[in-house]
Structure formats: C-alpha cells, structure tokens
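Protein chains in written order, with the numbering used here: chain A, 9 to 221; chain B, 9 to 221.
For each residue, glycine too, the CB sits at the ideal point set by N, CA and C.
On a predicted model such as this, the values are computed, not experimentally measured, just so you know.
Structure, as structure tokens:
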DNA sequence: TTATAAAAAGTGGTCAGACCACTTTTTGAC
DNA sequence: GTCAAAAAGTGGTCTGACCACTTTTTATAA
C-alpha cells in the first residue's frame, strides 16, 4: 500500500485536484474557475473544504477571488504572498540573502548558456536592447534578466526564476541608472561575442550596484 | 480613511490576528495554539473562518495540526513553500532534461562556492568521503551531492535541489561505479584545494557518466 | 429599436450546528 | 499504584442558512 499518500490531508488533495482540473480544462491565467458550489459537487466534498483549499491557494497568490464575481486563476503570483512571507518566514536576513543568491544562480547559468551558444548570441533581441539603451538612455532591469532567462531555453529554470523574482525582484523592476547602463551594455556585448567570463564579470558588477539600491 | 485596508479580506485579518496572538502569548515553536473553537470565540468570528486562516498557514508549513491533538506552531524554517510551488511548477513541466539541467545548475554553483571558501574546503567531511571510498571502494552518489549542497550554505538552493533530486535523482541514489570513483575523488580533491575549474570539470565528467547509466 | 432601470440569478463571505474520528484527560475498579 | 474504561477535548467534514456583491436577464419607458 502507498502509506505515504493514504494518510494525506484531504484539503491538500483538493489542492491537487484543483491543479488537475485547471490543467484538464486548460484554464489560462486570468480566466474564471468553477464556482465553489460547483467545485464541491464535482469533487464530491463539502463547500467548506473547497473553501479551505481555495483560501490556501489565495494566500499563495495562485488564485484571486472577487466577492460576487467568482474565482480566477491569478496572472501574477505576488500580492499577499510577499507580505505573508516577510511576516513569518523572511524575517531574518539570511533567508532574504538566500533568495537573492538563488535567483542569481539561475541568472548566471543563463548567461553562461547564452555565451556558449552561437545561435543564442546572434538573436536580434540583444541589439534591440542596445537601441533602446541608446535612444531612451535606460531600460527595465527585470526585462533584461527575463529575456536572458527565456533565451537560455530551460523552461523549468525560468519558472523557478519567476517565483524568486516575485519575492526578491522589486529592486529590479525599475529603469536602470547611468552606472548600470554601462554594465548592462558590457554584459550584453560580451554575451554576444561569447566572452563568458567577461559577461559574468559585468553581471556581478551590475548586481553589486543593485545591492546598494 | 485608509480605504486600502478597510476592505481587506477578513481571513487575512485573522492571519494577522493569529500572528499577534502568537506574539502576545509568547507561543514558541512546537508549542500548542488555542483550539479552533476557542480561537473563533476569542476573535469573534466563526470557526470556519478560523479554519480557512489556519489551513492557509498549514499549507505554508507555518503550523502543524494533529487530528484530535491540536494545532501547533511549526518549528522555524519548516515551511514547505518550495514544496508547494514545485508541485505546481514540476507538475506541468514534463521535460526530464530541464529537471536534470536545473538540478545540475544548483550542484555546480555549490561546487563553486565551496571551491572559493577556505572554511568549507577544509571540512573533515570531505576526508571522510575519501576514507569511505578507499575502504569500501564505492560511495552513494546522492550522499556526496547532498553534502555538497548542504555545505554550500544556501538553504533555499538546498530545498529546491531536494525537490529536483526527488524527481530526477533516482539514477543517483546508488553506489558509484569504478569509473565514477576517480571522477568523484578528483572533484573532491580539487574542491579541497580550491581548484574551481578542475572541480567543475571532474563534476561534468561524472555527470556524463551518470547520463549513460 | 434602443436605453435604462428593476428583478433575478449567480457567487463569494460568514456563521451556526451537527456528527465523526482521533487524542488527551479524567475516572473508577482492581 | 495500575490500568482499562469513560469522558472531555480537538481537529475534520458536511449541511444549511443568510448576507453582500456582481452578473445576467427581464421588463419598462423613451
């Protein structure tokens, strides 16, 4: 017998089933979920149990509920989560640092991958960043990193990065400063030319800059 | 008026109040919380509302509940946020290759960190691995990697690695072959001496070996 | 026909009560 | 003093009810 699953909490199973349902019905971000009453009937459980599962997911920011409107699959998981986490979990600096370091682990690896792959180096998107930097003089830091992660091609790493950026990326979701402009340009140019170590060096300089903000 | 807060979700306020209560009563990790019925009375809300808040905190791993026993404040850092998120992330990410690559991202970074930190290089655990390899001629691959991840000191990275290893690490949870013995020894020795690149090279050779198994 | 307001239906928010399963505490017989 | 039975305490779940709010439908007036 599978003793590990047979004693699982029921409301956790509901969470699982909800995940399955979302997958089966191909519910996209922002779209509506079945109502609580419908869910309780379809899953064969009481409405209160459904609500316990939904409230958990809401606290995680995975769904959004509108009084009288319905329940919706969240487009961006962030809202209360950061608040709750900082309230209970991320109280000590060590945890915050770990989130930042782990996010950077994925960013550095993406830079390495791109610097070692010619087909990724020559993508037009990097040039478009240069153009934007020259014309507007600045660029959204998070946009640059997101593009790097996307380009690197590891979708799982990208998903993890999204989660980490949701906690830690506030300092990055802004336009770059004058100092950063140079570091970003150096990093992108090195990446394009396949200079892995130079790209990483410029990235680390950039991140030092970010820390002081 | 503070219109932003006056319309907040009630169950979120209960979460807040619970936190206050924990602080006020100086409830330590592992200690018991008031029962659901008592809480609903003290907070002036229905028991189901209390439960919705408690279930949310349980999903985050901040509290533990024992059927018939009570609700207890979880010991710190036992939160299963990563586990929950990985449930949602890994569920629809079927690419085994991405899981493997991402797991290796974390392993490589851990090797880098140790190779650059003298206090980590000189830990006796590495020597114990050498002794075990010489006496028994083999060692559990997963044990070596786990120790590396633990030693690197990034608890979040470690948590993510555990999840990835649970999906992908079956091939690693075994004793090393004769070929691998050399690669592991080279990797560990290079790490001890601070030879980052050599350690990574040996690691990558090792992983190539793993793939063919 | 179109526009608008009223009514109805749908949905989340909350509460109260009931019953079950399990654990802890108390009781009482030995 | 021991130990088993009974009682009390507690979490787990379901049902039904009512409220507040939103969306849809319907009815009325322009």
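Looking at the C-beta of residue 162/B, does it have a partner C-beta in chain A at a distance below 8 Å?
yes
Distance between residue 75/B and residue 138/B (C-alpha atoms, nearest Å):
46 Å
Check the Cβ of residue 79/B against every Cβ in chain A and list those closer than 7 Å, keeping chain order.
Simply none; closest approach about 13 Å.
How far does the beta strand (DSSP E) with residue 179/A in it reach, from first residue to last?
Looking at the DSSP string, residue 179/A is not in any beta strand (DSSP E), and its letter there is neither H nor E.
Can you find a C-beta in chain A that's less than 8 Å from the C-beta of residue 109/B?
yes
Give me the Cα-Cα distance between residue 163/B and residue 103/A, rounded to the nearest whole angstrom.
8 Å
Could you tell me whether any Cβ in chain B is nearer than 8 Å to the Cβ of residue 178/A?
Chain B, which has no Cβ nearer than 8 Å to the Cβ of residue 178/A, makes this no.
Using a C-beta cutoff of 8 Å, does residue 67/A count as contacting chain B?
With 8 Å as the cut-off, residue 67/A counts as an interface residue toward chain B.
With a threshold of 8 Å between beta-carbons, can residue 11/B be considered close to chain A, or not?
At residue 11/B the pLDDT is 30, less than 50, meaning the model places this residue with poor confidence; the figure from the coordinates comes in the next sentence. Closer than 8 Å: no.
Output the distance between the C-alpha atoms of residue 180/B and residue 193/B, rounded to the nearest integer angstrom.
16 Å
Below 8 Å on C-beta distance, what does residue 59/B contact in chain A?
56, 60
Hey, is residue 212/A's beta-carbon within less than 8 Å of any beta-carbon in chain B?
no
Pairs of beta-carbons, one from the stretch 109–121 of chain A and one from the stretch 165–176 of chain A, closer than 8 Å: are there three or more?
yes
I'd like to know if residue 22/A contacts chain B, where contact means its C-beta is closer than 8 Å to some C-beta of that chain.
no
Nearest neighbour of residue 141/A, chosen from 58/A, 189/A, 122/A [CA to CA]
189/A
Name the chain A residues that come within less than 8 Å of residue 168/B, Cβ to Cβ?
Listed along chain A are 110, 168, each with a C-beta nearer than 8 Å to that of residue 168/B.
Closer than 8 Å, CB to CB, is residue 206/A near chain B or not?
no
Count the other CB atoms within 10 Å of the CB of residue 32/B; is the residue buried (16 or more) or exposed (fewer)?
The Cβ neighbour count for residue 32/B, taken over all protein chains shown within 10 Å, is under 16; the residue is labelled exposed.
Does any C-beta atom of chain B lie closer than 8 Å to the C-beta of residue 151/A?
no
Less than 6 Å between C-beta atoms, sequence neighbours within five positions excluded: which residues of the same chain meet that for residue 50/B?
none
Contacts of residue 165/A in chain B (Cβ-Cβ under 9 Å):
106, 109, 110, 113
So which residues on chain A does residue 48/B lean against when the C-beta distance must stay under 7 Å?
What residue 48/B touches in chain A: nothing, since even the nearest Cβ is about 13 Å away.
Residues in the same chain with beta-carbon distance under 8 Å from residue 34/B, minus the five sequence neighbours each way, listed in chain order, please.
none
Inter-residue spacing [alpha-carbon to alpha-carbon] between residue 201/A and residue 212/B:
24 Å
Pick from 204/A, 107/A, 116/A, 151/A that is closest to residue 161/B, judged by C-alpha positions:
107/A
Expressed to the nearest angstrom, what Euclidean distance is found between the alpha-carbon atoms of residue 128/B and residue 208/B?
16 Å
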